[in-house]
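S.K.: Numbering (my numbering), first residue to last: 278 to 595.
By construction, the Cβ of each residue, glycine as well, lies at the ideal position given by its N, Cα and C atoms.
The structure displayed is predicted, hence computed values, not measured ones.
Have a look at this one.
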Ligand code: NAP
């Protein structure tokens with residue numbers, strides 16, 4: 278296999294920075310044993326490396342790969358690659374997209390909405406106290422779930438949550454994608470969107486535009502008692518602002534899977550907070566097989582000079 282524009286044989290670098298990457302490395306080796314895949318570079322630079330298959334790029338790596346053409350994320354978000362300050366403009370960036378991701382995320386979001394909606398913490402406390410006490414059953418048709426980001430994942434979540442009987446609305450950057458739920462767009466649609474959300478679900482990508490977007494002013498526009506779920510990326514929600522609004526009683530609570538700093542530091546006020554649920558970035562993971570196939574397909578497309586699948590628009594950052 279060669280990369281067309283330079284006629285260089287393909288050499289892939291995968292830095293085994295976590296078990297997540299190692300599993301994809303092993304699958305790639307098994308699926309394409311003929312492919313030249315290395316896990317480190319020898320010497321100061323390696324002009325033979327044409328493709329990276331990675332989750333997060335360590336500082337200083339990119340200047341050592343002068344002929345890099347493709348940086349493919351092994352995960353759904355490409356923020357770990359786009360965040361590298363020295364990523365040359367010529368390098369194409371792709372991310373992992375596969376249908377199972379949307380389903381796993383829909384399960385996660387449903388789990389978090391339902392545990393709060395059906396008062397699971399109260400029922401667990403009553404169980405611990407051997408107390409038989411009925412709680413009211415609310416009507417999901419009277420509650421609105423607002424989904425920020427109706428992309429490959431958010432659109433599946435919207436369908437599943439709607440099937441649970443909730444009213445579902447969405448918020449996106451553009452009107453470009455067809456959606457089966459009412460959609461509010463950009464800044465002009467934001468207030469009307471937020472004013473209706475009993476549950477706010479963040480499924481936005483991490484970009485320059487979304488960094489710190491969900492701050493105090495933003496969250497204050499939610500109805501009293503609203504519950505916030507962030508399963509997208511840390512840094513989009515200003516964590517201190519969220520906790521302050523929970524403590525002040527404006528928000529009913531929150532479930533977070535992602536944080537500005539991961540693993541969540543032991544000193545974080547999220548730990549042990551009675552109105553907050555923390556999970557360790559496990560909401561959804563792309564299945565290994567489809568992601569490896571997508572990467573191999575993109576290597577072939579690169580060789581032919583064809584458009585890549587799931588290429589990130591570097592001007593938008595997602
Ligand atoms: P995607 O397909 O790129 O969709 C992104 C959506 O966000 C689109 O609807 C887009 O609007 C909207 N959007 C982007 N920038 C916006 C802005 N500035 N204002 C308003 N809307 C904006 O992304 P995805 O694959 O669905 O992934 C969603 C998120 O889930 C990502 O952050 C990803 O990293 C995260 N994720 C987390 C986990 C986990 O385990 N926690 C697992 C997988 C993915 P348009 O429709 O107008 O383009």
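Looking at the structure shown, is residue 612 part of a helix, part of a strand, or coil, going by DSSP?
M.R.: Since the displayed the chain opens at 278 and closes at 595, residue 612 lies outside it and no answer follows.
S.K.: Runs of 4 residues minimum, wholly inside the region 404–478: which ones carry the alpha helix (DSSP H) assignment?
M.R.: 431–440, 463–471, all fully within the region 404–478.
S.K.: When the Cα atoms are used, what is the spatial distance from residue 593 to residue 402?
M.R.: In a straight line, the C-alpha of residue 593 is about 46 Å away from that of residue 402.
S.K.: Start and end of the alpha helix (DSSP H) containing residue 381?
M.R.: Residue 381 -> alpha helix (DSSP H) spans 376–394.
S.K.: Could you pull the start and end residues of the beta strand (DSSP E) that residue 587 belongs to?
M.R.: Segment: none, residue 587 is in no beta strand (DSSP E) and carries neither H nor E.
S.K.: Is the beta carbon of residue 494 closer than 8 Å to that of residue 512?
M.R.: No, the pair does not count as a contact, with Cβ atoms beyond the cut-off.
S.K.: Within this structure, are the beta carbons of residue 552 and residue 523 separated by less than 8 Å?
M.R.: Going by C-beta atoms, residue 552 is nearer than 8 Å to residue 523.
S.K.: Could you tell me the alpha carbon to alpha carbon distance between residue 476 and residue 504, rounded to whole angstroms?
M.R.: Distance between the alpha carbons of residue 476 and residue 504: 5 Å.
S.K.: Do you know how far the Cα of residue 437 is from the Cα of residue 369?
M.R.: So the alpha carbons of these two residues sit roughly 33 Å apart.
S.K.: Note the first and the last residue of the continuous beta strand (DSSP E) segment covering residue 530.
M.R.: Run containing residue 530: 528–533, per the beta strand (DSSP E) assignment.
S.K.: Assuming residue 424 and residue 435 form a contact by the criterion Cβ under 8 Å, report the distance between their Cβ atoms to the nearest whole angstrom.
M.R.: Right, the Cβ-Cβ distance comes to about 5 Å (below 8 Å), so this counts as a contact.
S.K.: Rounded to the nearest angstrom, what separates residue 304 and residue 399 at their Cα positions?
M.R.: Going by the C-alpha atoms only, they are around 44 Å apart.
S.K.: Leaving aside the five residues before and after residue 315 along the sequence, list all residues of the same chain whose C-beta is less than 6 Å from its C-beta, in chain order.
M.R.: Cβ neighbours of residue 315 beyond the five flanking positions: 290.
S.K.: I think residue 456 touches residue 479, with their Cβ atoms under 8 Å apart; what is that distance to the nearest whole Å?
M.R.: About 17 Å separates the two Cβ atoms, so there is no contact after all.
S.K.: Between residue 477 and the ligand NAP, is the CB less than 7 Å from at least one heavy atom?
M.R.: Outside the cutoff, so no.
S.K.: Leaving out the 5 sequence neighbours to the left and right, which residues in its chain are closer than 8 Å to residue 452 when beta-carbon positions are compared?
M.R.: So the list reads 460, 462, once near-sequence residues are dropped.
S.K.: How many Å lie between residue 491 and residue 516 at the Cα?
M.R.: Their Cα atoms are separated by approximately 9 Å.
S.K.: How far does the beta strand (DSSP E) with residue 523 in it extend, from its first residue to its last?
M.R.: No beta strand (DSSP E) holds residue 523; the alpha helix (DSSP H) holding it covers 516–524.
S.K.: Determine, using beta-carbon pairs with one atom in the region 354–369 and one in the region 405–421, whether at least three such pairs fall under 8 Å.
M.R.: With the cut-off at 8 Å, the region 354–369 and the region 405–421 do not touch.
S.K.: Provide the residue(s) that pair with residue 328 in DSSP beta bridges, ordered along the chain.
M.R.: Answer is 289, 347.
S.K.: Would a C-beta distance cut-off of 8 Å place residue 309 and residue 585 closer than the cut-off?
M.R.: Result no, Cβ atoms of residue 309 and residue 585 do not sit closer than 8 Å.
S.K.: Of all the options 355, 364, 332, which has the alpha carbon lying nearest to the alpha carbon of residue 346?
M.R.: Taking only the C-alpha atoms, the option nearest residue 346 is 364.
S.K.: Considering residue 554, what are the terminal residues of the beta strand (DSSP E) in which it resides?
M.R.: Its beta strand (DSSP E) spans residues 553–555.
S.K.: By the DSSP assignment, the alpha helix (DSSP H) with residue 358 in it spans what residues?
M.R.: Residues 356–359.
S.K.: Indicate the three-state DSSP secondary structure (helix, strand or coil) for residue 568 in the structure shown.
M.R.: In the structure shown, residue 568 sits in a helix (DSSP, three-state: H, G or I).
S.K.: Counting beta carbon pairs with one atom in the region 325–332 and one in the region 349–362, are three or more of them shorter than 8 Å?
M.R.: Cβ pair count under 8 Å is three or more, so yes.
S.K.: Contact defined as beta carbons within less than 8 Å: I believe residue 299 pairs with residue 292. What is the distance between those atoms, to the nearest angstrom?
M.R.: Their Cβ separation, rounded to whole angstroms, is 10 Å, which puts residue 299 and residue 292 out of contact at 8 Å.
S.K.: DSSP three-state call for residue 307: helix, strand or coil?
M.R.: It is helical.
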